[in-house]
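Residue numbers (our numbering), protein chains in the order written: chain R, 1 to 272; chain B, 1001 to 1309. In this text, a Cβ means the ideal position worked out from N, Cα and C, and glycines have one as well. Predicted model, so just to flag it, every value in this text is computed and none were measured. Take a look at the structure below.
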Amino acid sequence: MTTITAPTHPPISTRSGTGFMWAARDTIAMTWRNLTVLRRVPQLLVFALVQPLIFVFMFRYVFGGAIPSGAEGLPYVDYLMPGIFVQTVTFGAINTAVGLAEDKNKGLLERLKSLPMARSAVLGGRVLADTSRNVFVVTMMLFVGFLVGFNTHTNPFKVAAGVGLMVLFGFAICWIFALIGLSVANGEAAQAAAFPILAPLTFASNAFVPTETMPDWLRWWAERQPLSITVRGVRALMLGTEPMDYVWGSIAWSLAITVVLAPLAVRRFRNS
Amino acid sequence: MTETAIVADDLRKTFDEVVAVDHISLAVPRGSVLGLLGANGAGKTTMVRMLTTVLKVDSGRGIVNGFDVQQQPQAVRRSIGLAGQYAAVDENLTGHENLTLVGRLNHMAKAAARQRADELLDQFNLTDAGNRPVRTYSGGMRRRLDLGAALVSRPPVLFLDEPTTGLDPASRLDLWAVIETLVADGTTVLLTTQYLEEADRLADNIVVIDGGLVVAEGTAKQLKARLGDTVIEFEFHAPSDASHAAEALGGTVAAGTVVRLVMSEGPATLRDAMNRLDAAELTPSHVALREPTLDDVFLTLTGNSGANS
């Protein structure tokens, strides 16, 4: 028979509060940690910008002359840039997978699991940090777009809403990659696992070229998948060339992906 | 009636058909140090992960600081500190930032978390390095910081999973001294190790596990006494001579050319052994008589000596 006695040390004073309040505070602490890492290793941000810059160069100047734009009288650069923006936030989600896989590999997740913190905060902090990073990168890309001749055809509020729409989509995609990051052994494996998911989303889409010339089976996918719908939603907000339905369609997709994938990722974290 | 800070009652964990922890029970009295001893893959880390709520328990029960690891995981987490073999600190944060983050995640107020970080940096001789990113730290400094992170909330129960694996001898001595200070202050420690010297020095009680099962337990002294009081080692020039001698003597070959015998009546057995070696026309190059170490206990109990009898 064992008896239970009080700890010999006075426990360090901790403050009380509701579960939700702590989950929010833990998430902020973890977001701060992930953003501090980003500040300490600025190469991460530089590389995040290099990849979309290469795509801008390639499609604007190499292939661009040969590609017709989707709408009458619209320069190709205007058609292209929303595609580049959405592709950028989508690729940004790789960071979520790599970050979590590395934290797992280095034993950091184990330490965090032994702390009395909210389980959801580890993933929430990761996704929020990567979303903040997406806001920064997309803002930079918007200026790059203006430099290479991109023009918006609506008002500043709609352009800002367009940025919001793609950042929301990036947020949703981060949850898919959180699940991947927790399921692989390390950062390199996460990177390798990411491409087979990113390729059909970004390239089999209307991000760079109109879908009219694609074979029927590919066109079927390219017109219905969430990235294409988001690109059309951004074009609706920034160019006014598409119906606003696509904005709502994109929001619905982003919410649906988040609602399904976020609990799955948190469950994966709890059980791993 | 005993005060028990950690209880494992028939804990079990399997990973995809592989049994990591079969049936392990143990109890750690408050204020004492338990050394969980075993080779790689014996189940030490799995035990620690279950008792620290990091890993789900398949069956059995774990009680830490009076709280059930499955029913009251948050209460357990508020009672423990965990330092592992991987030095789980963030390389890109400074030492101070790492400790403050752990304090915040332990739900300490910001000022209190900062103050505690200062205290720990001072206690672990890291004050000068406190504002440098951890990636600039040496292995020993990281391990000290990791231990510091486990102590942020002043936990009454501390889990140390191979705390000195991979450290140089000086850093190891350093860390041992720190652990001894904590124990002197009344902290209960469960320490896993594959270094018998470490268990011998730090642990009040030792549990030896192998293949997910307890194979022996007791104090270092009791475990050594179980074996007999004398170890005789014969060294030969050639490994083939050593294996022939092991056959003739019924001993085990340790380290290639050394044959080890453990017994309770040293001198008489020595005479008998020399006679047998004579009969087999084997001449040892070196003979040593000594008291058993925990190494001998471990090798005998787990049969990890490449036994050759």
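Hey, quick one: how far does the beta strand (DSSP E) through residue 1060 (chain B) stretch, first residue to last?
1059-1064
Pick from R:39, R:110 and R:30 that is closest to residue 1050 (chain B), judged by C-alpha positions:
R:110
Of the residues R:200, R:97 and R:232, which one's Cα is nearest the Cα of residue 217 (chain R)?
R:200
Under 8 Å Cβ to Cβ from residue 223 (chain R), same chain only, skipping five residues before and after it: list those, please.
206 and 211
Quick one: is residue 104 (chain R) near chain B, going by C-beta distance under 7 Å?
no
Give the C-beta separation of residue 171 (chain R) and residue 131 (chain R) to the nearest angstrom, bearing in mind that I take them to be a contact with Cβ-Cβ under 8 Å.
5 Å
Contacts that residue 1167 (chain B) makes with chain R (C-beta to C-beta distance below 9 Å):
In chain order: nothing, as chain R lies at least about 16 Å away.
At what residues does the alpha helix (DSSP H) containing residue 1126 (chain B) begin and finish?
It is not in any alpha helix (DSSP H) - residue 1126 (chain B) carries neither H nor E in the DSSP assignment.
Measure the C-alpha to C-alpha separation of residue 1086 (chain B) and residue 1048 (chain B) and round it to an integer number of angstroms.
14 Å
Find the nearest neighbour of residue 91 (chain R) within the set R:251, R:51, R:23 and R:153, judged by alpha-carbon distance.
R:51
Have a look at B:1293, B:1250, B:1257 and B:1292 and flag the residue whose alpha-carbon is nearest the alpha-carbon of residue 1272 (chain B).
B:1250
7 Å Cβ cut-off: residues of chain B touching residue 29 (chain R)
Near residue 29 (chain R) (Cβ distances below 7 Å), the residues of chain B are 1101, 1104 and 1105.
Can you name, in chain order, every residue of its own chain whose Cβ lies under 8 Å from the Cβ of residue 20 (chain R), other than the five neighbours on each side?
none
Which bits of chain R does residue 1074 (chain B) rub up against, with CB to CB less than 9 Å?
116
Since residue 1203 (chain B) and residue 1035 (chain B) are thought to touch, with beta carbons under 8 Å apart, how far apart are those beta carbons, to the nearest angstrom?
With a Cβ gap of about 3 Å, residue 1203 (chain B) and residue 1035 (chain B) count as contacting.
Test item: CB-CB of residue 1189 (chain B) and residue 1079 (chain B) under 7 Å:
no
Identify whether residue 1207 (chain B) lies in helix, strand or coil by the three-state DSSP scheme.
The answer is strand: DSSP assigns residue 1207 (chain B) an E or B state.
Taking residue 1151 (chain B) and residue 115 (chain R) to be in contact with their CB atoms under 8 Å, please state how far apart those CB atoms are, rounded to whole angstroms.
About 13 Å; that fails the 8 Å criterion.
Proximal residues to residue 169 (chain R) (C-beta, below 8 Å), its chain only, five neighbours per side dropped:
86, 89, 90, 226, 227, 230, 250, 253 and 254
Give the range of the beta strand (DSSP E) segment to which residue 1034 (chain B) is assigned.
1033-1037
Name the two residues that bound the continuous beta strand (DSSP E) containing residue 1081 (chain B).
Taken as a continuous stretch (DSSP letters only), the beta strand (DSSP E) holding residue 1081 (chain B) covers 1080-1083.
Might you give, ordered along the chain, the residues of its own chain that have their beta carbon closer than 7 Å to the beta carbon of residue 1306 (chain B), omitting 5 neighbours on each side?
Reliability of the predicted coordinates at residue 1306 (chain B) is poor, the pLDDT of 37 falling under 50, and the value obtained from them is presented with this limitation in mind. These residues qualify, in order along the chain: 1253.
I'd like to know if residue 274 (chain R) contacts chain B, where contact means its C-beta is closer than 7 Å to some C-beta of that chain.
As displayed, chain R neither begins before 1 nor continues past 272, which places residue 274 (chain R) out of reach and without an answer.
Is the Cβ of residue 122 (chain R) closer than 7 Å to any Cβ of chain B?
no
On the CB-based measure, 16 or more other CB atoms within 10 Å of its CB, does residue 1107 (chain B) come out buried or exposed?
buried
Sorted by chain position, which residues of the same chain lie with C-beta nearer than 7 Å to residue 1127 (chain B)'s C-beta, five sequence neighbours on each side aside?
Around residue 1127 (chain B): 1121.
Less than 7 Å between C-beta atoms, sequence neighbours within five positions excluded: which residues of the same chain meet that for residue 246 (chain R)?
229, 232, 233 and 236
For residue 1074 (chain B), which residues in the same chain have their Cβ closer than 7 Å to its Cβ, ignoring the five residues on either side in sequence?
none
Determine which residues of the region 1247-1271 of chain B have a Cβ less than 9 Å from any Cβ of chain R, and write them out in chain order.
none
Alpha-carbon spacing of residue 266 (chain R) relative to residue 178 (chain R), whole angstroms:
9 Å
For the region 92-100 of chain R against the region 182-192 of chain R, are there 3 or more C-beta pairs whose distance is under 8 Å?
yes
is_contact[residue 1113 (chain B), chain R] using C-beta, thresh 7 Å
no
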